[in-house]
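In our numbering, the protein residues as written are 5 to 153. We treat Cβ as the ideally placed atom computed from N, Cα and C, and that holds for glycine. Computed from a prediction, not measured in an experiment: that's the story for all the values here.
So, in C-alpha cells, the structure goes:
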C-alpha cells in the first residue's frame, strides 16, 4: 500500500473530497461543545481525510502522518487532555473543575468553554493518531504476510 491506488476518476474525486473531509472535521471540533460532535467525531473525520489521501495519493500525500510521529502525537493528545485536568488542580480546585483554571477570563463561562475546547483538541488528536496507527499496523501486517498483493 505504498503506491497510489485507483485511476483517474478516483484521483480527481478524492482530491476534491479530502479537503472537505478535513475542513468538516475541524468544524465538528470547533463547534463540538454547542452541537452534536466533539473530539472523538472530529478525530475520526480527520483520520479519514488523512487515510483517504494516503490511499489515493500514496506515501507522498500532503496530509500524511507516518510511523513514530503518529505514536508521539497520540501521546501529545493524551497529555493535553490530562494537562487540562491538572491545571484545575493547580488552580485550587478538583480534577476538571473548570472554574479553577489558572487563566482568569470574564465572564466565567468563557474559562469553562476554553477548558472544554482544550480537552476536545486533545481527544481529537489522540483519536486521529490512534486510528492512523491501527491502519498502519493492519497494512504492515498484510505486507509482511504477503496477503495484500
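Nearest-angstrom beta carbon gap, residue j and residue i [assumed within contact, 8 Å]
| i | j | result |
| --- | --- | --- |
| residue 78 | residue 15 | So it is not a contact: roughly 29 Å between Cβ atoms. |
| residue 111 | residue 95 | About 17 Å; that fails the 8 Å criterion. |
| residue 36 | residue 124 | 5 Å |
| residue 50 | residue 26 | 6 Å |
Contacts around residue i, its chain only, beta-carbon distance under 6 Å, and the 5 residues preceding and following it disregarded
| i | result |
| --- | --- |
| residue 41 | 32 |
| residue 101 | 92 |
CB of residue i within 7 Å of CB of residue j, strictly
| i | j | result |
| --- | --- | --- |
| residue 128 | residue 43 | yes |
| residue 86 | residue 130 | no |
| residue 47 | residue 84 | no |
| residue 115 | residue 122 | no |
Contact set for residue i: own chain, Cβ-Cβ below 8 Å, skip 5 residues either direction
| i | result |
| --- | --- |
| residue 74 | 133, 136, 137 and 140 |
7 Å Cβ cutoff, residue i in contact with chain B
| i | result |
| --- | --- |
| residue 70 | The question asks about chain B, but that chain is absent: this structure has only one protein chain. |
Own chain, CB closer than 7 Å to residue i, minus 5 neighbours either side, in chain order
| i | result |
| --- | --- |
| residue 120 | 37 |
| residue 89 | 99 and 100 |
Practice task
Please determine if the region 50-59 and the region 8-23 are in contact, where contact requires at least 3 C-beta pairs separated by less than 8 Å.
Solution key: yes
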